[in-house]
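**Student:**
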Amino acid sequence: MRAFAAILLIALAGCSRAPDARETHIIATGPLAVWTVYPGKLEARRVETIMSKFNGSATIIELAPEGLPVAAGALLVKFDSSQVERDLLKLQRDAQLARSDLERLERAELPLELRDLEAQRLEAQMSHEAERQYLEDSRALLAEELVSEQEIEQQKLKVDQLHAQLEKLDQKIALTREFLHPAALERARATLASAEQELVLAQRQLENCTVHAPADGVVVYRPLHVGGEFRTARVGDSLYRNQPFMIIPDMKDLVIEVQIPEAELSRVEAGREVRVTPLSYPDLKLRGRVEAVGSMATTMMDRPGWQRYFRGVIGMQEVDARLRSGMSVQAEILSYATEHAVLIPRSFVRMENNEPTVRLASQPAKPHPVRLGWADLRHFEVLDGLKPGDVVVAGGSDR
Numbered sequence: 072m073r074a075f076a077a078i079l080l081i082a083l084a085g086c087s088r089a090p091d092a093r094e095t096h097i098i099a100t101g102p103l104a105v106w107t108v109y110p111g112k113l114e115a116r117r118v119e120t121i122m123s124k125f126n127g128s129a130t131i132i133e134l135a136p137e138g139l140p141v142a143a144g145a146l147l148v149k150f151d152s153s154q155v156e157r158d159l160l161k162l163q164r165d166a167q168l169a170r171s172d173l174e175r176l177e178r179a180e181l182p183l184e185l186r187d188l189e190a191q192r193l194e195a196q197m198s199h200e201a202e203r204q205y206l207e208d209s210r211a212l213l214a215e216e217l218v219s220e221q222e223i224e225q226q227k228l229k230v231d232q233l234h235a236q237l238e239k240l241d242q243k244i245a246l247t248r249e250f251l252h253p254a255a256l257e258r259a260r261a262t263l264a265s266a267e268q269e270l271v272l273a274q275r276q277l278e279n280c281t282v283h284a285p286a287d288g289v290v291v292y293r294p295l296h297v298g299g300e301f302r303t304a305r306v307g308d309s310l311y312r313n314q315p316f317m318i319i320p321d322m323k324d325l326v327i328e329v330q331i332p333e334a335e336l337s338r339v340e341a342g343r344e345v346r347v348t349p350l351s352y353p354d355l356k357l358r359g360r361v362e363a364v365g366s367m368a369t370t371m372m373d374r375p376g377w378q379r380y381f382r383g384v385i386g387m388q389e390v391d392a393r394l395r396s397g398m399s400v401q402a403e404i405l406s407y408a409t410e411h412a413v414l415i416p417r418s419f420v421r422m423e424n425n426e427p428t429v430r431l432a433s434q435p436a437k438p439h440p441v442r443l444g445w446a447d448l449r450h451f452e453v454l455d456g457l458k459p460g461d462v463v464v465a466g467g468s469d470r
C-alpha cells in the first residue's frame, strides 16, 4: 500500500491542468485499460548457427551478403573445392581397383587355384592307385621269383611317397578352402570397404564445400578471430571446422525479452495482451502476448544491487519485413482492463494528508475520502466512496 500511495502521489503531482473551481463532473462507469510500458529487445525464437563442417581449413570463395533474406536451401557460402575434387578422383580410382581385385579373387584366381589343387590331387590319386596295384601284382610275382625283394621294397617306398603326397594335397586343399581363400577374400573386402569409406568421406567433404540455409531467415554475420583480427568473415578467409561465422534468425517467429521490476510483477502475467512499437519505426504498432514470466529474480548491471527483476518473454503475433533481430522495442503490456469501472478524471482528485479526496457538489467545502484503484493517463478507478450519478466539483487545495 505504501508503494501504491507513492505512485498515486506522483501521478497526482503530474496532473498538468488545474481545474476551474466551478467545473463539475458527473461520476459514471466506463471502460478502463491500463498499459504498463517496458523497454525490450527483439529476437528470433529460432536461430540457426552456421559453421564450417569441412575437415581442416577451408577458404571462402563465395559468401551471401549480410542482411539478405534467404529461403531454406539457399546458398550461403562456398569453399574452395579444387583439392577435394583432385583427392576424390584418386579415391574413386582406388575404390575401383579394390573392387576389381575382389572380383578377380572371387571369380578367377581363387577358383582356378582350387581347381588346380584338385587336379593335382586327382593326378596324385591316380598315380598312387596305379603304383599300389603294381605293388600288389609284384608281390604275386615274388612267389614265382620273377621279381626280387629289393624291387618290392622299392615299389613299396614309391607307393608310400605317393600316399604322403596325396595326404599333403588333401591337407592343402582343406586349408585353402577353410583359411587361405577366406582370409584373402576378407582382406580384399576390407581393402574395398576402406576405399569406399574414404570415398564417402571425400564426397561428404565435397558436399561440405557448399553451405545452404537450413531454414528461412536473414543472413547475419557473426564476428570471429581471423588472422589476428576480430571481425566478420570475408571472401578469401580460411575457416576451421565447427567455427561459427554466421547465424540465420527466423524472422517469422519473433519474441521480445523484457525485464520486469519486482514491484510490478503483478502487472505482468502469461496471456496478457501486448502492444509493440519498434524504436526505429514509432508509427509501427504490432500485437503480441506475454508467454512466460521468469521464476527467479536477477539483478541488472546498470541498476542498484537491491533492485530485482524478472525476465519476461513476449511472443509476437504480428511481424513486419522491416524488423531485425536485436532491435530495441517498447512493449506496452495490458496490466488491467474492465468495461465497467467507476471513473473519475485525475484533475478532480486531491490529496488531503496523503489520502485521496474529492469535493462533492452537495458539500463542496468538505473533502470527501475515496479509495482508488487502477489508473490510466486520464482517469482513476474508484473502488469506494463514489457511485455513478454522484457529482463532484473541482476545488480545494493540497495539504
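Counting with the working numbering, you get residues 72 to 470 for the letters of the sequence shown.
All C-beta atoms, glycine included, are put in the ideal place defined by N, C-alpha and C.
1. Does the count of Cβ pairs from the stretch 112 to 120 and the stretch 382 to 398 closer than 8 Å reach three?
2. Please give me, in chain order, every unbroken run of the alpha helix (DSSP H) with length at least 4 that falls completely inside the stretch 154 to 234.
3. Taking C-beta to C-beta, are Leu-454 and Val-429 nearer than 9 Å?
4. In the DSSP assignment, the alpha helix (DSSP H) including Ala-264 goes from what residue to what residue?
5. If contact is defined by three or more beta carbon pairs under 8 Å, each pair taking one atom from either stretch, is the stretch 131 to 141 in contact with the stretch 284 to 304?
6. Just list the residues that DSSP pairs Glu-119 with in beta bridges.
7. Would you kindly work out how many angstroms separate the C-alpha atoms of Trp-445 and Thr-95, rounded to a whole number?
8. How many angstroms separate the CA atom of Ile-385 from the CA atom of Ile-98?
9. Would the stretch 402 to 420 count as touching the stretch 341 to 349 if we require 3 or more Cβ pairs under 8 Å?
10. Can you check which of these residues, Ala-436, Ile-331, Arg-343 and Leu-162, is closest to Gln-268 by C-alpha distance?
11. Could you have a look at Asp-308 and say whether DSSP puts it in helix, strand or coil?
12. Leaving aside the five residues before and after Pro-440 along the sequence, list all residues of the same chain whose C-beta is less than 8 Å from its C-beta, in chain order.
13. With DSSP collapsed to three states, give me the class of Leu-394.
14. I need the boundaries of the beta strand (DSSP E) containing Met-422, first residue and last residue.
15. Residue range of the beta strand (DSSP E) that Thr-281 falls in?
16. I think Leu-173 touches Ala-259, with their Cβ atoms under 8 Å apart; what is that distance to the nearest whole Å?
17. Output yes or no for whether 9 Å exceeds the beta carbon distance between Gly-376 and Arg-360.
18. Exposed or buried, which one is Phe-250 when buried takes at least 16 other CB atoms within 10 Å?
19. Taking DSSP's pairing of strands, which residues face Trp-106 in a bridge?
20. Which of helix, strand or coil does DSSP assign to Ala-74?
21. Okay, do the stretch 153 to 170 and the stretch 291 to 307 touch, 3+ Cβ pairs below 8 Å being the bar?
22. Could you check the C-alpha separation between Tyr-311 and Pro-136 for me, to the nearest Å?
23. Can you find the residues in the same chain that come closer than 7 Å, C-beta to C-beta, to Ala-255, ignoring five residues on each side of it along the sequence?
24. Report the three-state DSSP secondary structure of Ala-334 (helix, strand or coil).
25. Buried or exposed: which applies to Val-276, given that a residue is buried once 16 or more other Cβ atoms fall within 10 Å of its Cβ?
26. What residues in its chain sit with their C-beta under 8 Å from that of Pro-459, if we drop five residues either side in the sequence?
27. Return the Cβ separation of Ala-304 and Val-297 in integer angstroms, given the expectation that the two are a contact with Cβ distance under 8 Å.
28. State the start and end residues of the unbroken beta strand (DSSP E) segment that holds Tyr-380.
29. By how many angstroms is the C-alpha of Ser-418 removed from the C-alpha of Glu-452?
30. Report the residue from Arg-192, Ala-392 and Ile-121 whose alpha carbon sits nearest the alpha carbon of Ala-284.
**Tutor:** Straight from the coordinates:
1. In short, these stretches touch, since the Cβ pair count reaches three.
2. Qualifying alpha helix (DSSP H) stretches, in chain order: 181 to 213.
3. Cβ distance not < 9 Å, so Leu-454 and Val-429 don't count as in contact.
4. Per DSSP, the continuous alpha helix (DSSP H) segment holding Ala-264 begins and ends at 252 to 278.
5. Yes, the stretch 284 to 304 touches the stretch 131 to 141.
6. DSSP output for Glu-119 lists Ile-319 as bridge partner(s).
7. Their Cα atoms are separated by approximately 22 Å.
8. Going by the C-alpha atoms only, they are around 37 Å apart.
9. Remark: three or more beta-carbon pairs, one from each stretch, lie closer than 8 Å, so the stretch 402 to 420 and the stretch 341 to 349 are flagged as touching.
10. For the residues Ala-436, Ile-331, Arg-343 and Leu-162, the minimum Cα distance to Gln-268 belongs to Leu-162.
11. Reduced to three states, the DSSP call for Asp-308 is coil.
12. Around Pro-440, the same chain offers Glu-423, Glu-426, Pro-427, Thr-428 and Gly-456 as residues with beta carbons nearer than 8 Å, after the five sequence neighbours per side are excluded.
13. In the structure shown, Leu-394 sits in coil (DSSP, three-state: anything other than H, G, I, E or B).
14. Segment 421 to 423, the beta strand (DSSP E) holding Met-422.
15. In this chain, the beta strand (DSSP E) harbouring Thr-281 covers 281 to 283.
16. Taking 8 Å as the upper bound for CB-CB distance, Leu-173 and Ala-259 are in contact here, some 4 Å apart.
17. No, they are not a contact pair.
18. Label assigned to Phe-250: exposed.
19. By DSSP's assignment, Trp-106 forms a beta bridge with Leu-405.
20. Interpretation of Ala-74 is limited by its pLDDT of 41, a score under 50 that renders its predicted location unreliable; no figure is taken from the coordinates.
21. In short, these stretches do not touch, since the Cβ pair count stays below three.
22. Their Cα atoms are separated by approximately 20 Å.
23. The residues Leu-176 and Leu-181, in chain order, have a CB closer than 7 Å to that of Ala-255 in the same chain once the five nearest residues on each side in sequence are set aside.
24. Ala-334: helix per DSSP, three-state reduction.
25. With the sequence shown as reference, residue 276 is identified as Gln, and Val is not the correct amino acid for it. Looking at its Cβ environment, which holds 16 or more other Cβ atoms inside 10 Å, Gln-276 is buried.
26. Here the set comprises Ile-98, Ala-99, Thr-100 and Val-413.
27. So it is a contact: roughly 7 Å between Cβ atoms.
28. Counting along the chain, the unbroken beta strand (DSSP E) around Tyr-380 starts and ends at 380 to 387.
29. Here the C-alpha atom of Glu-452 lies approximately 13 Å from the C-alpha atom of Ser-418.
30. With distances taken between Cα atoms, Ala-284 lies closest to Ile-121.
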